[in-house]
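Peer 1: For the first sequence, this note's numbering begins at 412 and goes up steadily by one.
We put the CB at the ideal spot given by N, CA and C, even for glycine.
The structure that follows is given in the form of structure tokens.
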Amino acid sequence: MNRDHTCGELRKEDAGKHVRLAGWVAKRRNLGSIVFIDLRDRYGITQVTFDENHSDLVKDVRNEYVIEIEGTVSVKETPNPRLETGEIEVLADSFKLLSSAKTTPMIIADETDALEEVRLKYRYLDIRRNPIKEKLLLRDKVTTIVRRVLHEDDFVEVETPILSKSTPEGARDYLVPSRLYKGRFYALPQSPQQYKQLLMIGGMDRYFQIARCFRDEDLRADRQPEFTQIDMEMSFADEEDIFAEVEKVMRAIFKETKGIEDLSFPRIRYVDAMDKYGSDKPDLRFGNEMVNVKDLFEHSEFKIFSDCVANGGVIKALVFRNCADKLSRKKFDELTEFVKIYKAKALAYLKYDKGEFSGSVNNALPQGEKEALRDFLKLENNDVVLMIADKKAIAETALGAVRKKLGEELGLIDKNKFCFEWITEFPMYEYSEEEGRWVSAHHPFTAPRDEDVDKLSCDQENCYSRAYDLVLNGYELLSGSVRIHDSVMQKKVFDALGLSEEQIRNKFGFFIEAFNYGAPPHCGVGIGVERLIMILSGTDNIKDVVAFPKTASAYCLMSDAPSSVDQDQLDFLSLEIRRD
RNA sequence: GGUGCGUUAGCGAAGUUGGUUAUCGUGCCUCCCUGUCACGGAGGAGAUCACGGGUUCGAGUCCCGUACGCACCGCCA
Numbered sequence: 412m413n414r415d416h417t418c419g420e421l422r423k424e425d426a427g428k429h430v431r432l433a434g435w436v437a438k439r440r441n442l443g444s445i446v447f448i449d450l451r452d453r454y455g456i457t458q459v460t461f462d463e464n465h466s467d468l469v470k471d472v473r474n475e476y477v478i479e480i481e482g483t484v485s486v487k488e489t490p491n492p493r494l495e496t497g498e499i500e501v502l503a504d505s506f507k508l509l510s511s512a513k514t515t516p517m518i519i520a521d522e523t524d525a526l527e528e529v530r531l532k533y534r535y536l537d538i539r540r541n542p543i544k545e546k547l548l549l550r551d552k553v554t555t556i557v558r559r560v561l562h563e564d565d566f567v568e569v570e571t572p573i574l575s576k577s578t579p580e581g582a583r584d585y586l587v588p589s590r591l592y593k594g595r596f597y598a599l600p601q602s603p604q605q606y607k608q609l610l611m612i613g614g615m616d617r618y619f620q621i622a623r624c625f626r627d628e629d630l631r632a633d634r635q636p637e638f639t640q641i642d643m644e645m646s647f648a649d650e651e652d653i654f655a656e657v658e659k660v661m662r663a664i665f666k667e668t669k670g671i672e673d674l675s676f677p678r679i680r681y682v683d684a685m686d687k688y689g690s691d692k693p694d695l696r697f698g699n700e701m702v703n704v705k706d707l708f709e710h711s712e713f714k715i716f717s718d719c720v721a722n723g724g725v726i727k728a729l730v731f732r733n734c735a736d737k738l739s740r741k742k743f744d745e746l747t748e749f750v751k752i753y754k755a756k757a758l759a760y761l762k763y764d765k766g767e768f769s770g771s772v773n774n775a776l777p778q779g780e781k782e783a784l785r786d787f788l789k790l791e792n793n794d795v796v797l798m799i800a801d802k803k804a805i806a807e808t809a810l811g812a813v814r815k816k817l818g819e820e821l822g823l824i825d826k827n828k829f830c831f832e833w834i835t836e837f838p839m840y841e842y843s844e845e846e847g848r849w850v851s852a853h854h855p856f857t858a859p860r861d862e863d864v865d866k867l868s869c870d871q872e873n874c875y876s877r878a879y880d881l882v883l884n885g886y887e888l889l890s891g892s893v894r895i896h897d898s899v900m901q902k903k904v905f906d907a908l909g910l911s912e913e914q915i916r917n918k919f920g921f922f923i924e925a926f927n928y929g930a931p932p933h934c935g936v937g938i939g940v941e942r943l944i945m946i947l948s949g950t951d952n953i954k955d956v957v958a959f960p961k962t963a964s965a966y967c968l969m970s971d972a973p974s975s976v977d978q979d980q981l982d983f984l985s986l987e988i989r990r991d
């Protein structure tokens, strides 16, 4: 071994010990005949001091050289409170160069000025920095807790294939050409969905996997093309069982990583979440529920409002208490543009202060209607109400986005809070304009609500499912559902999706077949590991919690993947690249 | 597929209405320094201003295109 201690562990009590340390030179301070070196490894930084008799040893040492030193632990006269090891230093008496280093393209410190682009190209240097390193360590801690808790409850970790089969519904697949079967492709799994259900049929009872998943869709700040799910499935179980197990896992994670024990897991039906928050993943760290005020304006003199109601639309209102003075005319203009992204036509606002109204619809609305609105919403001094009159879905989504945006901008969010909620009873289907048919809102193996079985193939719009999400601070942390375990029911769903017998046989044949041999009732979830770590570590950038992430255009700046391949490799696969 | 912003020494930034030697910080190199911990002091090197085209007597600066990066919309069962 090059070391008998790490750079993070020596303390005052170790004074007098002769130790051997190894690590990277984080910083060298040369004061002439005395040289200080901050030696860094995964565990911390320790100051190593070379006095007048030893400073020549390190005269050529530079930042990020890898060195091994021996010396005596000594208590410092003036401790450095910024280091955990700041009370001691090691007085070096020997030195060994293990590896030299070029000048690095970025400063390796907690605070670096390098842009993400540079950090990604030299990711191995970025990982030496605490902010990235700590997130990887946290990630390890979380998956370790998950494995322990689930094993305690008899869950079995099973690995499922990465070379998998393409599925017709859902995200675009990453494809892998087959050499032995010309013109055929494996698909990388978007999730181990079918395999884990087959494990239930195989009697595996309680399964989990820390599973890598792949989706060939455009990226976002919280989306990578490959990501990890804590994938779980339980037999002879329903929502209550899986909720309890997930909550147990979450409680263990939050207790052991953040010391937080007072978590609650309220449940909100999808339709109620949309109604109150305009989102299926509302951030509940702040209130500000939306209210439908259409009844107040059904006969309004303000034609835009009354016409909207007459045409079956809604008028959604959102109150921000004691904030009117913080929202300028310019801000409302910006918000009006903002809601247009969500297809809303306009954003109305009304301020109330000291008995007086003002704002965009102040002149358009008669005094009586304004007072009715004030009384209904219990407006007080310096309150502001924002309203969108539009089709239900548009008004909800657009005003929900305003709620989220202003919640952040007005500082209504307590960053130390962690607010979970289960969103339940998602719609079974959603209409795809692109394909001109109903598609599964979750996936086609999701069970409908018992009371909606009759609607499966005739009233898709009003058919709700036993799918659920767990939301944390406005992020969709996991999705899951109770599955269909009856082949007749499954057939109905495929019919409703407009899948032909042939498509069903080709894409799901083996899966459907399995359900003829005794499928237990089962349900499960997939927990997004990256999102969980993001929230736990307080970042809103998914790249921070992935060891080697891809850019927004799915490119690896470090390895230059994806790359061209040799003609030989293409020949083996009988592939030809079209150049046009 | 779409919208917006960005690209100037190794890194991070400034660069005015187009004008002569492109500025600052940091890092790097050399020298000085025995208590620093963002060490300090002196000196020095380091730039095809992303790429291609255009306007102009003259372009880092204006225009068009391309590439790359970031964010968002679409998309993400």
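Can you give the Cα-Cα distance for K727 and E656, rounded to whole angstroms?
Peer 2: Cα to Cα, the separation comes out at about 37 Å.
Peer 1: Which residues in the same chain have their Cβ closer than 6 Å to the Cβ of T460, if we skip the five residues on either side of it in sequence?
Peer 2: Excluding sequence neighbours, T460 sits near F447, E500 and L502.
Peer 1: Could you give the first and the last residue of the continuous alpha helix (DSSP H) run that contains E650?
Peer 2: Note, E650: alpha helix (DSSP H), E650 to K669.
Peer 1: State the DSSP-derived secondary structure class of E637, mapped to helix, strand or coil.
Peer 2: E637 falls in the strand class under three-state DSSP.
Peer 1: Would you check if the region 935 to 954 and the region 888 to 906 touch, i.e. whether three or more CB-CB distances between them fall below 8 Å?
Peer 2: A contact exists between the region 888 to 906 and the region 935 to 954.
Peer 1: Let's see if you can read the secondary structure: which residues bound the alpha helix (DSSP H) around N917?
Peer 2: Start and end: E912 to A925.
Peer 1: Which word fits P960, buried or exposed, when buried means at least 16 other C-beta atoms lie within 10 angstroms of its C-beta?
Peer 2: P960 comes out buried.
Peer 1: Taking all protein chains shown into account, do 16 or more other C-beta atoms lie within 10 angstroms of the C-beta of Q635, making it buried, or fewer, making it exposed?
Peer 2: With 16 or more other Cβ atoms within 10 Å, it is buried.
Peer 1: Mind reading off the beta-carbon distance from R559 to E568? Whole number of angstroms is fine, and I expect it under 8 Å.
Peer 2: Not a contact, Cβ separation roughly 11 Å.
Peer 1: Grab me the residues of A759's own chain with a C-beta within less than 6 Å of its C-beta, minus the 5 sequence neighbours each way, in chain order.
Peer 2: S771, V772 and M798.
Peer 1: Is it right to say D642 is buried, meaning 16 or more other beta carbons lie within 10 angstroms of its own, or is it exposed?
Peer 2: Looking at its Cβ environment, which holds 16 or more other Cβ atoms inside 10 Å, D642 is buried.
Peer 1: From T514 to R626, what does the alpha carbon distance come to, in whole angstroms?
Peer 2: Each residue's Cα considered, the two are about 38 Å apart.
Peer 1: What's the call for A804, buried or exposed, on a 16-neighbour Cβ count within 10 Å?
Peer 2: So A804 counts as exposed.
Peer 1: Which residues does DSSP list as the beta-bridge partners of D642?
Peer 2: Note: D642 sits in a beta bridge opposite Q620 and G937.
Peer 1: Within 10 Å of its beta-carbon, does H854 have 16 or more other beta-carbons around it, so buried, or fewer, so exposed?
Peer 2: Its Cβ being crowded by 16 or more others within 10 Å, H854 is buried.
Peer 1: Taking 8 Å as the threshold, find out whether the region 829 to 844 comes into contact with the region 704 to 721 through three or more Cβ pairs.
Peer 2: The region 829 to 844 vs the region 704 to 721: no contact.
Peer 1: When the distance is taken between beta carbons, is I573 closer than 8 Å to R696?
Peer 2: Not closer than 8 Å, so no.
Peer 1: If I'm right that A512 touches E475 with Cβ under 8 Å, what's the distance once you round it to whole angstroms?
Peer 2: Yes, they are in contact, since the Cβ atoms of A512 and E475 sit about 4 Å apart, within 8 Å.
Peer 1: For I556 versus I671, is the C-beta distance shorter than 8 Å?
Peer 2: The answer is no: Cβ separation not under 8 Å.
Peer 1: Taking the beta strand (DSSP E) that T460 falls in, what are its first and last residues?
Peer 2: Where T460 is concerned, the enclosing beta strand (DSSP E) stretches over G455 to F461.
Peer 1: Using only alpha-carbon positions, find the residue among E832, K742, F905 and A958 that is nearest to P579.
Peer 2: Among E832, K742, F905 and A958, the Cα nearest to that of P579 belongs to F905.
Peer 1: Take E528 as the anchor and find which of R539, D521, E522 and P516 has the nearest alpha-carbon.
Peer 2: That would be P516, whose Cα lies nearest to the Cα of E528.
Peer 1: I want to know whether the region 707 to 716 touches the region 666 to 684 - three or more CB-CB distances under 8 Å.
Peer 2: These segments do not touch.
Peer 1: Quick one, which of L468, K487 and A433 has its alpha-carbon nearest A998's?
Peer 2: Residue 998 lies beyond the residue range present for the chain, which begins at 412 and ends at 991; the question has no answer from this structure.
Peer 1: Taking just the CA atoms, how far does M900 sit from D801?
Peer 2: Spanning the two alpha carbons is a distance of roughly 37 Å.
Peer 1: Using the DSSP secondary-structure output, state which residues sit across from Y760 in a beta bridge.
Peer 2: In the DSSP output, where bridge partners are listed per residue, Y760 has L797.
Peer 1: CB I938 to CB S898, shorter than 8 Å?
Peer 2: Not a contact, by the Cβ cut-off of 8 Å.
Peer 1: By Cβ distance below 7 Å, which residues in the same chain neighbour Q605 in space, the five residues on each side in sequence not counted?
Peer 2: Cβ neighbours of Q605 beyond the five flanking positions: F922.
Peer 1: For I953 and A806, I'd like the C-alpha separation in whole angstroms.
Peer 2: Taking the straight line joining both Cα atoms gives about 30 Å.
Peer 1: Give the straight-line distance between the Cα atoms of N927 and G909, rounded to the nearest whole angstrom.
Peer 2: Their backbone Cα atoms lie some 22 Å apart in a straight line.
Peer 1: What is the rounded straight-line gap between the Cα of T857 and the Cα of E836?
Peer 2: Each residue's Cα considered, the two are about 11 Å apart.
Peer 1: Should P777 be labelled buried (16 or more other beta-carbon atoms within 10 Å of its own) or exposed?
Peer 2: Its Cβ having fewer than 16 others within 10 Å, P777 is exposed.
Peer 1: Under 8 Å between the Cβ atoms of L997 and V796?
Peer 2: Residue 997 is absent from the structure shown; the chain starts at 412 and stops at 991.
Peer 1: With a threshold of 7 Å on Cβ separation, who are the neighbours of S505 within its own chain once the five nearest residues in sequence on each side are excluded?
Peer 2: Excluding sequence neighbours, S505 sits near I480 and E481.
Peer 1: Could you compute how far the alpha carbon of K902 sits from the alpha carbon of L883?
Peer 2: Their Cα atoms are separated by approximately 35 Å.
Peer 1: If I follow the unbroken beta strand (DSSP E) through E841, where does it start and stop?
Peer 2: Taken as a continuous stretch (DSSP letters only), the beta strand (DSSP E) holding E841 covers Y840 to S843.
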